[in-house]
Each structure stands twice: as C-alpha cells, then as structure tokens.
Amino acid sequence: MPSPTEPAPDDRGYTLLELLVVVVILGLALTLAANAAPWRRIGQGPATAAATLAGALRTARAVAIATGRPATFAIEPADGRWVGPTASGRLPRGLAIAFHGPVARGWGRIVFSPDGSATGGQVLLARGAARALVAVGWLTGRISTDAPAR
Numbered sequence: 219m220p221s222p223t224e225p226a227p228d229d230r231g232y233t234l235l236e237l238l239v240v241v242v243i244l245g246l247a248l249t250l251a252a253n254a255a256p257w258r259r260i261g262q263g264p265a266t267a268a269a270t271l272a273g274a275l276r277t278a279r280a281v282a283i284a285t286g287r288p289a290t291f292a293i294e295p296a297d298g299r300w301v302g303p304t305a306s307g308r309l310p311r312g313l314a315i316a317f318h319g320p321v322a323r324g325w326g327r328i329v330f331s332p333d334g335s336a337t338g339g340q341v342l343l344a345r346g347a348a349r350a351l352v353a354v355g356w357l358t359g360r361i362s363t364d365a366p367a368r
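When we follow our numbering, the leftmost residue of the sequence shown carries the number 219, and every step to the right adds one.
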C-alpha cells in the first residue's frame, strides 16, 4: 500500500506527445469526414473543384520539400478520383476532366521533387460554359489556377 506522501502511479496524467497525437488524429479524421460529405459536392462548380485540387497539389509539394523525398499526386480523369500523399478525394460528378501531362494506366501523375520542382501538368475542369484550369510548372513546381468568369 503506498504511503500518503507517495503519488499513486495512475496520478501522472498524459504526456504532451500523447495529447498532440490525439489532436493530429482528430484533425485528420475531421478533414476526411468533411471532404467525404455529400453536401460538399452539391453545386460544386469547376472553380471550387480547381481550388480543392490546387490545395491538394500544394500539400503534395510541401510534403516533398519537408520530407526530402518525392511526393506524387495522381488523378483519374475518367472517374474524377485523386490521390495525394496525405489525402484523397473525388471531384463532383458532372464535371468534364482532362489531364495534360504524364499518364500511367489511366492516371495522370505529377511528381514533386524535394527541391520543389515537378514533372508538371495541367488539369482542365469544365461544366457547361464554366471552366477552370489548374497548372503545375515543371521547373519551379508553382501551382496556379485560372477560373475565368462565365
């Protein structure tokens, strides 16, 4: 039996590292849940979808630079699925999607190098008269979007 002056072994609580791990896991789960929600896709036009893709591409570039290893972003234009190093998703149905760049087995691929450069490529999104373009420069890895007004 412990004496009154000795703390009980279970009174120590959680470490800062354990709390940080829980916060990161909750953040990832909430991000995935928000991106998968059907209401998020309703009425999503090319400009909004282009912003989503640009964000995923910027994340892939940042991962490559931070880890010192190449990071790949892939998109399947036929189905609208995309996969990045930290997240994946599906573009709204009804969007016409065209990828210009390296393609393997139906998937367009953009690979970011640790120095920030990339293989380059473009994704064109369209619905009716509305169009948006996401471009990745091969030399600098710069990601730009162009969503002109209808």
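The C-beta atom is built at its ideal place from N, Cα and C for all residues, glycine as well. None of these values were measured; they are calculated from a predicted model.
- DSSP state of residue 313, grouped into three classes? coil
- Measure from the alpha carbon of residue 275 to the alpha carbon of each residue in 341, 348 and 350, then state which is nearest. 341
- Query: Taking the alpha carbon of residue 364 as the point to measure from, which residue in 270, 322, 285 and 303 has its own alpha carbon closest?
  - Reply: 270
- Item | Residue from 334, 346, 362 and 339 whose Cα sits closest to the Cα of residue 279 | 334
- residue 352 classed as buried or exposed, judged by whether at least 16 other C-beta atoms fall within 10 angstroms: buried
- Item | Which listed residue (332, 307, 264 and 338) has its alpha carbon closest to that of residue 249 | 307
- Task: Closer than 7 Å by C-beta to residue 359: which residues in its own chain qualify, once you throw out the five before and the five after it? Chain order, please.
- Result: 279, 330, 334, 335 and 336
- Separation of residue 284 from residue 303, as counted between CA atoms: 12 Å
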